[in-house]
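Q: Here you go, one structure.
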Amino acid sequence: MIDNWEKILTTPLPHRAELIKALLAENDINAVVVNKKSSSYPPFGTVDLYVPSEHAIIAKLIIDNETTFG
Numbered sequence: 007m008i009d010n011w012e013k014i015l016t017t018p019l020p021h022r023a024e025l026i027k028a029l030l031a032e033n034d035i036n037a038v039v040v041n042k043k044s045s046s047y048p049p050f051g052t053v054d055l056y057v058p059s060e061h062a063i064i065a066k067l068i069i070d071n072e073t074t075f076g
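Each residue of the sequence shown is one higher than the last, beginning at 7 in my numbering.
Here you go:
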């Protein structure tokens with residue numbers, strides 16, 4: 007990944023990463039989902055969510071607040 011991006015989430019659930027990506031987009035934060043799940047055996051692997059480093063702290067706060075109340 008490019009140096010100026012930071013991983014803010016790792017999950018085994020691709021739909022969770024996509025939902026959080028949409029939540030961040032609503033707050034004008036770009037995010038990229040990197041799917042590392044096995045194509046041969048989907049239960050293995052994870053999905054990572056990356057944001058630009060300058061937005062990482064606010065993105066983590068948004069995620070924490072959303073999961074606390076939602």
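Virtual Cβ for every residue (Gly too), placed ideally from N, Cα, C.
No experiment lies behind these values; they were computed from the predicted model shown.
Thinking C-alpha only, which one of LYS43, LYS66, ASP70 and GLU72 is nearest ALA37?
A: Counted from its first residue, the sequence shown places residue 37 at position 31. Per the Cα distances, LYS66.
Q: Below 7 angstroms, is the gap between the Cβ of THR16 and the nearest heavy atom of the ligand FAD?
A: This structure simply doesn't include the ligand FAD, nor any ligand for that matter.
Q: Suppose the cutoff is 6 angstroms on Cβ atoms and the five residues either side in sequence are ignored; what does the same chain contact list for ASP70 look like?
A: For the purposes of this step, residue 70 is taken as residue 64 along the sequence shown, with counting starting at 1. Answer for ASP70: no residue qualifies.
Q: Closest by CA to GLU24, which one among THR52, SER59 and ASP9?
A: Taking the sequence shown and counting its residues from 1, one reaches residue 24 at position 18. Here the closest residue by C-alpha is THR52.
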